[in-house]
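Reading the sequence shown from the start, the letters are residues 14 to 194 in our numbering. Just so it is clear, CB atoms sit at the ideal spot from N, CA and C, and this is done for glycine as well.
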Amino acid sequence: ESDTIFFYLPNESPYGVFCQWHPSSIMVSTSSLQFLTEPSSATLSAHGAFIAFSCAEQCYMFCKALYFSDAESCARILSTPDPKEQKKVGQRVKGFNDFKWARVKSRAARVGNWYKFTQNERMRQVLLETGHRELAEASRRDKVWGIGFNAQEAEVYRAEWGENLLGKALMKVRGRLRLRE
Numbered sequence: 014e015s016d017t018i019f020f021y022l023p024n025e026s027p028y029g030v031f032c033q034w035h036p037s038s039i040m041v042s043t044s045s046l047q048f049l050t051e052p053s054s055a056t057l058s059a060h061g062a063f064i065a066f067s068c069a070e071q072c073y074m075f076c077k078a079l080y081f082s083d084a085e086s087c088a089r090i091l092s093t094p095d096p097k098e099q100k101k102v103g104q105r106v107k108g109f110n111d112f113k114w115a116r117v118k119s120r121a122a123r124v125g126n127w128y129k130f131t132q133n134e135r136m137r138q139v140l141l142e143t144g145h146r147e148l149a150e151a152s153r154r155d156k157v158w159g160i161g162f163n164a165q166e167a168e169v170y171r172a173e174w175g176e177n178l179l180g181k182a183l184m185k186v187r188g189r190l191r192l193r194e
């Protein structure tokens, strides 16, 4: 049996909580998003001390729009509760530059997931109960955030796995949570 925990869809139990689309009300401190903005940016200060998100995907896409100073996309992302729509808006952020985004995207994912797993006790327990096992998003279509394979074929093609940035972000969050326990 694999030492890896595979996750993919938000409704799969118990590991669907690791999916960015899993419903999880979170309040994120605007100060923790400061690394995404210019010091003079009005976009972030307009939101007050905290921003409410319906899931980690919404937080991540908001971070992306914020980083590229696209206030219109920030507002649209916050106004839709649907993660699919949030992603769609996030994929059309004005001024997006993949090279620049690559420098901060993993940190942006960790911020949202830190709040998700510190503010939701049941989800935190699921994450901590994974012990030291590897976490991998078994998304066949995503070789950046996932491994590029579904759970059934993952071990056979392990040498060809993608970056698994989401799995790595979750493992870092898990490590930080352990230090707090």
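Check: What are the boundary residues of the alpha helix (DSSP H) that Ser119 is part of?
Finding: 118–132
Note to self: Which of the three DSSP states is assigned to Ala151 in this structure?
What the structure shows: coil
Checklist line | Burial state of His145, where buried means 16 or more other Cβ atoms lie within 10 Å | finding: exposed
Checklist line | For Leu49, the nearest candidate out of Cys87, Ile18, Ala182 (CA to CA) | finding: Cys87
Item checked: Ordered list of alpha helix (DSSP H) runs contained in the stretch 136–182, each at least 4 residues -> 164–167
Check: According to DSSP, which residues form a beta bridge with Ala78?
Finding: The partner list for Ala78 (beta bridge, DSSP) is empty, contrary to what the question assumes.
Margin query: Within 10 Å of its beta-carbon, does Asp83 have 16 or more other beta-carbons around it, so buried, or fewer, so exposed?
Written below: buried
Item checked: Cα-Cα separation between Asn110 and Tyr73, rounded to whole angstroms -> 16 Å
Notebook entry, point to check: Can you tell me the Cα-Cα spacing of Ala78 and Val106, whole angstroms?
Noted result: 6 Å
Note to self: Between Arg137, Trp174, Ile160, which has its C-alpha nearest Phe31's C-alpha?
What the structure shows: Arg137
Next item on the list: Mark Ser20 as exposed unless 16 or more other C-beta atoms lie within 10 angstroms of its C-beta, in which case mark it buried.
Entry: The sequence shown places Phe at residue 20, not Ser. It is buried - the Cβ of Phe20 has at least 16 other Cβ atoms within 10 Å.
Check: By Cβ distance, which residues of its chain are closer than 6 Å to Pro96, with the 5 residues on each side in sequence left out?
Finding: Trp34, Cys68, Glu70
Checklist line | 6 Å Cβ shell around Glu142 - same chain, five flanking residues per side excluded | finding: none
Check: Going by beta carbon distance, what residues of the same chain come within less than 7 Å of Asn177, once the five residues before and after it are set aside?
Finding: Ala149, Glu150, Gly159, Ile160
Note to self: Assuming the contact rule is C-beta atoms closer than 8 Å, Tyr80 and Trp127 should be a hit. Round their C-beta distance to whole Å, please.
What the structure shows: Not a contact, Cβ separation roughly 17 Å.
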